[in-house]
Structures are given as C-alpha cells and as structure tokens.
Amino acid sequence: MESARTLDIRHHKARTPKSCIACDKKIQIGEAYTKTVGVINRQLISNSWHFECFDNHSGYVQDKQRKE
1025 MESARTLDIR
1035 HHKARTPKSC
1045 IACDKKIQIG
1055 EAYTKTVGVI
1065 NRQLISNSWH
1075 FECFDNHSGY
1085 VQDKQRKE
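Numbering-wise, my numbering comes out as the position in the sequence shown, counting from 1, plus 1024.
This is the structure:
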C-alpha cells in the first residue's frame, strides 16, 4: 500500500521555468505558482502547480475523501 503525506504547501514566484505537474504546461519566470512538498513511500517529492490546477486537484482529493 502506498503511503503519502503532505509536508508543506506554499505560494512562490518562479525564478526558473517549471512545468505544472497537473497539466504539464510551463510556469514562466515571474509567474506565481503553488509548490507542494511531501513524502510518498519514503521518498521526498516536490511538485509545482498552476493555482487553478492545484485548486482542481485539491477539490478532487476532498471529494474522494468524503466518499470513503
């Protein structure tokens, strides 16, 4: 079974180009984005998200948790 835990969620402005983990589109230098850091199966994972993509993902996760 996969164990996952979120450690941190922050808002940043990109200093280097990044790719959104959800839509795979670019996050340009100077663009605001959400950065998440977590642990999945004992591995540290850091992801970059457009604000809208992160909101959509968060809503999906909350809906799924309600159904469980």
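Where is the CB? At the ideal position from N, CA and C, for every residue including glycine.
All of these numbers come straight from a predicted model, not from anything done at the bench.
Where R1090 falls: helix, strand or coil (DSSP):
helix
Just to confirm my understanding: we take A1109, look at its own chain, exclude 5 residues before and 5 after, and list those with CB closer than 7 Å. What are they?
Because the chain spans 1025 through 1092 in this model, residue 1109 falls outside it and cannot be assessed.
Measure how close the beta-carbons of I1072 and I1033 come, nearest whole angstrom, since I'm counting them as under 8 Å.
Contrary to the premise, residue 1072 reads as Ser rather than Ile in this sequence. Their Cβ separation, rounded to whole angstroms, is 12 Å, which puts S1072 and I1033 out of contact at 8 Å.
Just curious, the beta strand (DSSP E) that T1040 is in, first and last residue?
Note, T1040: premise wrong, no beta strand (DSSP E); not H, not E.
Buried versus exposed call for K1049 [16 or more other C-beta atoms within 10 Å across all chains shown]
exposed
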